[in-house]
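Below you'll find the structure, written out as structure tokens, and then a few comments.
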Amino acid sequence: MAIEFDTVDAYLESFPAETRAVLEQIRSTLHEAVPGAGEKISYQIPTLIVGGTSIVYFAGWKHHVSVYPLPEGDAAFAADLAPYRSGPGTAKFPLTKPIPYDLIGRIASFLVAERVG
16 MAIEFDTVDA YLESFPAETR AVLEQIRSTL HEAVPGAGEK ISYQIPTLIV
66 GGTSIVYFAG WKHHVSVYPL PEGDAAFAAD LAPYRSGPGT AKFPLTKPIP
116 YDLIGRIASF LVAERVG
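Numbering (my numbering), first residue to last: 16 to 132.
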């Protein structure tokens, strides 16, 4: 039986301290990139929302963290994102390497432009 989470805090608290710290920084980075965004659990993972529209999702796993979906962006952004692309709509960041929080912020900024305008 899968665990169901009612809040983003409950989701984050379910992880070991080291992973939780990375997820908290991702959460903070996303909120900096999308000022005034709300948050909720959707598909059992944290989701930032603007005006009722889901903008960006993030999740923790045993060996990595992920951010979904991936925006179109531009050529330079696509090149920066390429090493982390895991399928058409997922960025996967290994927990054994430095997390590119600036890139995660750029993902959120491009998604807001695409989804909200």
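Positions of the beta carbon are idealized from the N, C-alpha and C atoms, including for glycine.
{"Check": "Please check the pair Leu126 and Ile70, which I expect to be a contact at CB under 8 Å, by giving their CB distance rounded to whole angstroms.", "Outcome": "5 Å"}
{"Check": "For Phe73, which three-state DSSP category applies?", "Outcome": "strand"}
{"Check": "Could you tell me whether the Cβ atoms of Val82 and Ile56 are closer together than 8 Å?", "Outcome": "no"}
{"Check": "CB Gly75 to CB Leu118, shorter than 8 Å?", "Outcome": "no"}
{"Check": "Within the chosen definition, does the segment 36-51 reach the segment 91-105 through at least 3 CB pairs nearer than 8 Å?", "Outcome": "no"}
{"Check": "Can you tell me which of Gly120, Gly66, Pro84, Phe108 puts its alpha carbon nearest to the alpha carbon of His46?", "Outcome": "Gly120"}
{"Check": "Do Thr22 and Leu110 have their beta-carbon atoms positioned less than 8 Å apart in this structure?", "Outcome": "no"}
{"Check": "Short check: CB of Glu129 to CB of Pro86, under 8 Å?", "Outcome": "yes"}
{"Check": "For Ser101, collect the residues of the same chain with a Cβ closer than 8 Å to its Cβ; drop the 5 residues on either side in sequence, then sort them by chain order.", "Outcome": "Ser81, Lys107"}
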